[in-house]
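Here my numbering runs 4 ahead of the position in the sequence shown, where the first position is 1. For each residue, glycine too, the CB sits at the ideal point set by N, CA and C. Quick caveat: nothing in here was measured; it's all calculated off a predicted structure.
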Amino acid sequence: MVESQNQQLTQASSIVMNMSTTCHTDVKLTDDEGNPYYYYMKNEPIETPFNIHNVQEGKTYHIRRKDGGINEYAVLKENYDRTALSTGIPQAYRYARTKEFDYERYTNLLVAKEARQKSINFIQHFNKFKDKGVGLYIHSPSTGSGKTLLACIIANGLIRQYKEQPRFIDASSLFCESRKANRYSNNEDIRSEDRLRSIENANILIIDDLGADKATDYTSSILYGLINKRTCLRKITIITSRKTLDELKYNTSTVNQIRNSTRVIELPNENVGAKVADEANKDLDNLLNQV
Numbered sequence: 005m006v007e008s009q010n011q012q013l014t015q016a017s018s019i020v021m022n023m024s025t026t027c028h029t030d031v032k033l034t035d036d037e038g039n040p041y042y043y044y045m046k047n048e049p050i051e052t053p054f055n056i057h058n059v060q061e062g063k064t065y066h067i068r069r070k071d072g073g074i075n076e077y078a079v080l081k082e083n084y085d086r087t088a089l090s091t092g093i094p095q096a097y098r099y100a101r102t103k104e105f106d107y108e109r110y111t112n113l114l115v116a117k118e119a120r121q122k123s124i125n126f127i128q129h130f131n132k133f134k135d136k137g138v139g140l141y142i143h144s145p146s147t148g149s150g151k152t153l154l155a156c157i158i159a160n161g162l163i164r165q166y167k168e169q170p171r172f173i174d175a176s177s178l179f180c181e182s183r184k185a186n187r188y189s190n191n192e193d194i195r196s197e198d199r200l201r202s203i204e205n206a207n208i209l210i211i212d213d214l215g216a217d218k219a220t221d222y223t224s225s226i227l228y229g230l231i232n233k234r235t236c237l238r239k240i241t242i243i244t245s246r247k248t249l250d251e252l253k254y255n256t257s258t259v260n261q262i263r264n265s266t267r268v269i270e271l272p273n274e275n276v277g278a279k280v281a282d283e284a285n286k287d288l289d290n291l292l293n294q295v
């Protein structure tokens, strides 16, 4: 009798496991960055780097399938916020995802769409780039073209998919921290040295708006040392700039280091930032214009 019950339990367990497997294999959907979705009713992970038990704890994204079912992708908000806060990613871009880079806003659709696809490919094949220590150089001559947005979308994708902890800093702040770290007269400078060391040693470093400041022998030297060290350690550097590599005024050795350790993503020479802001603040304009 006991043996018969055990056989029934074993069979029942096998059926449940098969049902679970079916649930996992039937819904092999991913978002636009390759992130897997969660089954809406069961909240069981398909193939995800996150172990999420309670979707109420995090941001959720619903996608309705063709068969009428719903999939859900969730991020543990507490853990994600803690990671994103330590990265220095601007708050406005902290949850930026690929779908927020709308290439249809651009006049030059082809270039914008290609840039978006390249960012997706970089995230999906990140480990291959990581093995070689090769990052990205995101360029457009125009302000408001989406360079910073795209860099942060990539950073957020790497946080979600690979649990990486990128560091974000604009170029002027990088040079400022370097100047402070070269002085040892007070505790503030020691703290600056620690901050600079954490930036230099980050597995993924995003340098925003390189070339906006005047290039000097000092900044060339700092940048060369940083890029050279990171290249030797095969650490990823992502740079945004309004200058092409040929237009950068740093010394030749520094520019060559950047060129050899990055692949270029071009964005259209268009300022779509103002258009995005106008659309986002339409409700506020309506409030101001009330009679």
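Count the other C-beta atoms from every protein chain shown that fall within 10 angstroms of the C-beta of residue i, then say buried if there are 16 or more, exposed otherwise.
i	result
residue 151	buried
residue 276	buried
residue 285	exposed
residue 89	exposed
residue 156	buried
residue 160	buried
residue 259	buried
residue 129	exposed
residue 220	exposed
residue 1	The structure shown does not extend to residue 1, since the chain spans only 5 to 295, so no value can be given for it.
residue 153	buried
residue 198	exposed
residue 102	buried
residue 301	Residue 301 falls outside the range modelled here, since the chain spans only 5 to 295, and no answer is possible.
residue 29	Unreliable positioning characterises residue 29 in this predicted model, as indicated by a pLDDT of 35, which lies under 50. A coordinate reading is not provided.
residue 96	exposed
Under 7 Å: does the beta carbon of residue i sit that close to some heavy atom of the ligand MG?
i	result
residue 284	The ligand MG is not part of the structure shown, which contains no ligands of any sort.
Using a Cβ-Cβ cutoff of less than 7 Å, which residues in the same chain neighbour residue i once the five nearest sequence positions on both sides are dropped?
i	result
residue 45	Residue placement at residue 45 is flagged as unreliable, the pLDDT there being 39, under the threshold of 50; the coordinate-derived value follows with that caveat. None.
residue 3	Nothing can be reported for residue 3, as the shown portion of the chain is limited to 5 through 295.
residue 179	217, 223 and 226
residue 278	148
residue 262	141, 231, 243 and 249
residue 290	none
residue 100	153, 156, 157 and 160
Considering Cα atoms alone, identify which of the options is closest to residue i.
i	options	result
residue 105	288, 280 and 199	280
residue 200	249, 253, 121 and 182	182
residue 144	269, 287 and 283	269
residue 232	264, 219 and 103	264
residue 266	234, 272 and 292	234
residue 210	249, 169 and 148	169
residue 91	255, 262, 162 and 237	162
residue 146	251, 247 and 283	247
residue 257	230, 123 and 208	230
residue 123	108, 110 and 139	139
residue 177	167, 205 and 212	212
residue 238	111, 186 and 132	132
What does DSSP give as the partner residue(s) for residue i in the beta ladder?
i	result
residue 245	143 and 214
residue 208	240
residue 268	141
residue 174	212
Just to confirm my understanding: we take residue i, look at its own chain, exclude 5 residues before and 5 after, and list those with CB closer than 6 Å. What are they?
i	result
residue 214	175, 243 and 245
residue 141	243, 266 and 268
residue 32	With a pLDDT of only 45 at residue 32, under 50, the local geometry of the prediction cannot be trusted, and the value read off the model is given with reservation. Excluding residues within five positions, none has a Cβ falling inside 6 Å.
residue 255	224
residue 120	105 and 107
To which residues of the same chain is residue i closer than 8 Å at the C-beta, ignoring the five residues directly before and after it?
i	result
residue 115	270, 271 and 272
residue 202	171
residue 109	116, 276, 279 and 280
residue 113	107
residue 228	254, 255, 257, 258 and 261
residue 111	272 and 274
Completely contained alpha helix (DSSP H) runs for the stretch 84-146, where each covers 4 or more residues: Listed in chain order, the complete alpha helix (DSSP H) runs (minimum 4 residues) inside the stretch 84-146 are 113-128 and 130-136.
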